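Quick note on our numbering: the sequence shown kicks off at 1 and runs consecutively.
Yeah, the Cβ is synthetic: ideal placement off N, Cα and C, and Gly gets one too.
Values in this document were obtained by computation on a predicted structure and should not be read as measured data.
The structure appears below as structure tokens.
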Amino acid sequence: MTGRRRTRSTFLPGLLTRHARKGVLGAGTAAACASLLAGCGVVPGTTGDAGDDPITVMTWAPQDTKATNKPGMPAFAHAYARWINAKGGINGRKLNVLTCNDHNDSVAAAKCARRAAKENVVAVVGSYSQYADSFFPSLEGAGIPYIGGYGITNAEFTSPLSYPVNGGQPALLAGLGRSLAGCGPVALVRPDTIAGDQLPPLLDSGLKAGGHSAARDQRAAEDATEYDGQAERALRTTTSSSDEGCVVPALGDRNGTFMDSFRRTREDYPDVRTATVLGSVDQTMIDATGGASGPYEGSYITGWYPVASDARWDGMKQVIKEEAFGDNRIDAADAGVQTTWIAYTVFKKIVESLGGGEVSADTVTEALDDGLGISTGGLTPTLRWRFQDKLAAVGFPRLVNANVTLQVVREGRLVSARKGFVDTTRTLQDADVNY
1 MTGRRRTRST
11 FLPGLLTRHA
21 RKGVLGAGTA
31 AACASLLAGC
41 GVVPGTTGDA
51 GDDPITVMTW
61 APQDTKATNK
71 PGMPAFAHAY
81 ARWINAKGGI
91 NGRKLNVLTC
101 NDHNDSVAAA
111 KCARRAAKEN
121 VVAVVGSYSQ
131 YADSFFPSLE
141 GAGIPYIGGY
151 GITNAEFTSP
161 LSYPVNGGQP
171 ALLAGLGRSL
181 AGCGPVALVR
191 PDTIAGDQLP
201 PLLDSGLKAG
211 GHSAARDQRA
221 AEDATEYDGQ
231 AERALRTTTS
241 SSDEGCVVPA
251 LGDRNGTFMD
261 SFRRTREDYP
271 DVRTATVLGS
281 VDQTMIDATG
291 GASGPYEGSY
301 ITGWYPVASD
311 ARWDGMKQVI
321 KEEAFGDNRI
331 DAADAGVQTT
341 WIAYTVFKKI
351 VESLGGGEVS
361 ADTVTEALDD
371 GLGISTGGLT
381 PTLRWRFQDK
391 LAAVGFPRLV
401 NANVTLQVVR
411 EGRLVSARKG
421 FVDTTRTLQD
431 ADVNY
């Protein structure tokens, strides 16, 4: 299909569920209070008139798996809670962070969401999971907002209870495609998964915007131990003309494995460039693969945020220094850790906007839906969520930040390739994505 897409069926039911839940709880609570002729207590995870109960949230991510792992996200969430609590909490209320391992598994992801509902958390904050179709039904049924997911699935940009802080894979790939329009043939090597199926049309939208033909789509096992065959096919594709081609691996934590195969295989082929998205490559990966003499030298890489050396990250680095120094799970240059910092920044400001009032899943959601503009210190544009934003007509009603940064590896260091952000809104409006 082209241009306009179907909106996911979860959009309206999720919205109705939240309001219905609020009404039923309100009526049931009032009846219970009347019958018992006594005051009602506060549900765990919420704060009422007492104003001193802890605020409970959850952060989840895959850990200890054979595919993509994001241990830094829950680890940083705990560090943030220690830091904010040492400063008196949020509006005087302690922050209680629960964490969950989704194991890169749909059943485990659903269990995390059911646990969030059982524990009456007021929000899921700064999390990563490929299995949105497994966890969103439970969150929507319980009315729990999902703030600052990693943006790995399209559902994060359609659910009414999702509040993404970046443009996810759609913005990264659209921005990268625009940057590669001057390449010869382009090959995309991506996971053979449902999430991976969404990547080719997004990259192609950027290539098309620059007058380039579509990339060659190469599927690969997400947890392979070597990629010799995929590397050879990518090189054959990208060296098939006189123009220097570009290979785009987008395999998450398996990018390093692919690049090992690619480095061995490329010696028998003409020069090609490599390019990818942040999250698949970071400074640690560049160092591990040889730095300036490695395969990423000269590569273009799109990210959501400024480079890790930017002063705008000083607040996050202070939290790490004070509460997680020596924790090697937490890397200030990791896009997951950075997203978690921004997500908790958003959550803190939402709770502060409630003053001394009740803090619950419903009040947090209502504050988000009321259009409060939230500044993140220049790490993103001012964030404000509305039900029908610029990209609603093309299937991304919750995508409110389509900005990306263009970075390049020079002398083994990841640096800015151009000043400021690139807005991919127009490119995404032309993307051909099927749900």
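Worksheet item: Taking DSSP as the reference, what is the three-state secondary structure of Ile194?
Response: Translated into positions along the sequence shown, residue 194 becomes position 194. Helix at Ile194.
Worksheet item: What does Tyr300 pair with, by DSSP beta-bridge criteria?
Response: Along the sequence shown, one-based indexing puts residue 300 at 300. In DSSP, Tyr300 forms a bridge with Ala275, Val408.
Worksheet item: Is it buried or exposed for Glu322, if we count other Cβ within 10 angstroms and need 16 for buried?
Response: By one-based count along the sequence shown, residue 322 stands at place 322. Counting of Cβ neighbours within 10 angstroms places Glu322 among the exposed residues, the total staying below 16.
Discussion item. By the DSSP assignment, the beta strand (DSSP E) with Cys246 in it spans what residues?
Written reply: Along the sequence shown, one-based indexing puts residue 246 at 246. Following the DSSP letters along the chain, one finds Cys246 inside the beta strand (DSSP E) bounded by residues 246-249.
Fill in: Exposed unless 16 or more other CB atoms sit within 10 angstroms - verdict on Val24
For the purposes of this step, residue 24 is taken as the residue at position 24 of the sequence shown. With a pLDDT of 38 at Val24, under the threshold of 50, the predicted position of this residue should be treated as unreliable, and no value is reported.
Worksheet entry | C-beta contact flag for Gly177 and Ser205 at 8 Å | Numbered from 1 along the sequence shown, position 177 holds the residue referred to as residue 177. Numbered from 1 along the sequence shown, position 205 holds the residue referred to as residue 205. Yes; because the gap between Cβ atoms is below 8 Å, this pair is in contact.
Worksheet entry | Residue range of the alpha helix (DSSP H) that includes Ile84 | As a working note, residue 84 is residue 84 in the sequence shown. Its alpha helix (DSSP H) spans residues 72-86.
Worksheet item: Going by DSSP, what residues sit across from Leu95 in a beta bridge?
Response: Taking the sequence shown and counting its residues from 1, the one referred to as residue 95 is at position 95. The secondary-structure analysis by DSSP pairs Leu95 across a beta bridge with Ile55.
Worksheet item: In three-state DSSP terms, what is Gly14?
Response: One-based indexing of the sequence shown puts residue 14 at position 14. Bear in mind that the predicted position of Gly14 carries a pLDDT of just 36, short of 50, making it too unreliable to give a figure here.
Practice prompt. Take Ser240 as the anchor and find which of Gly168, Arg82, Tyr269 has the nearest alpha-carbon.
Written response: As a first step, residue 240 must be located in the sequence shown, where it is residue number 240. Nearest C-alpha to Ser240: Tyr269.
Discussion item. Assuming contact is defined by CB atoms lying nearer than 8 Å, are Tyr146 and Leu368 in contact in what I supplied?
Written reply: For this step, residue 146 is matched to residue 146 along the sequence shown. For this step, residue 368 is matched to residue 368 along the sequence shown. Contact annotation: Tyr146 and Leu368 have beta-carbon atoms that are not nearer than 8 Å.
Item to complete: Rounded to whole angstroms, what's the CA-CA distance from Thr289 to Ser242? Just pull it up for me.
Response: Here the question's residue 289 lines up with position 289 in the sequence shown. Here the question's residue 242 lines up with position 242 in the sequence shown. If you take the alpha carbons of Thr289 and Ser242, they lie about 28 Å apart.
Worksheet item: What alpha helix (DSSP H) runs, 4 residues minimum, are completely inside the segment 160-210?
Response: The segment 160-210 contains these whole alpha helix (DSSP H) runs: 168-179, 194-197, 199-209.
Practice prompt. Have a look at Lys66 and Asp327 and give me their C-alpha separation to the nearest angstrom.
Written response: Here residue 66 is taken as the residue at index 66 of the sequence shown, counted from 1. Here residue 327 is taken as the residue at index 327 of the sequence shown, counted from 1. In this structure, the straight-line span from the alpha carbon of Lys66 to that of Asp327 is close to 21 Å.
Discussion item. Please state the DSSP three-state secondary structure of Tyr344.
Written reply: Position 344 of the sequence shown, counted from the start, is the residue given in the question as residue 344. Secondary structure at Tyr344: helix, using DSSP grouped into helix, strand and coil.
Discussion item. Per DSSP, what are the beta-bridge partners of Gln218 in this structure?
Written reply: On the sequence shown, position 218 is the one that residue 218 refers to. Its beta-bridge partners are Val189.
Practice prompt. Could you please give the first and the last residue of the uninterrupted beta strand (DSSP E) stretch that includes Arg312?
Written response: Locating residue 312 in the sequence shown gives position 312, counting from the first residue. Per DSSP, Arg312 lies in no beta strand (DSSP E) segment and is marked neither H nor E.
Discussion item. Output needed for Glu411: all residues of its chain with C-beta closer than 6 Å, excluding positions within five of it in sequence on either side, in chain order.
Written reply: If you number the sequence shown from 1, residue 411 lands on position 411. Closer than 6 Å at Cβ, skipping near neighbours: Ala292.
Worksheet item: When the distance is taken between beta carbons, is Lys70 closer than 8 Å to Ala79?
Response: On the sequence shown, position 79 is the one that residue 79 refers to. On the sequence shown, position 70 is the one that residue 70 refers to. No. Outside cutoff.
Discussion item. For Val422 and Leu406, I'd like the C-alpha separation in whole angstroms.
Written reply: On the sequence shown, residue 422 is found 422 positions in, with the first residue counted as 1. On the sequence shown, residue 406 is found 406 positions in, with the first residue counted as 1. CA-CA distance, Val422 to Leu406, rounds to 8 Å.
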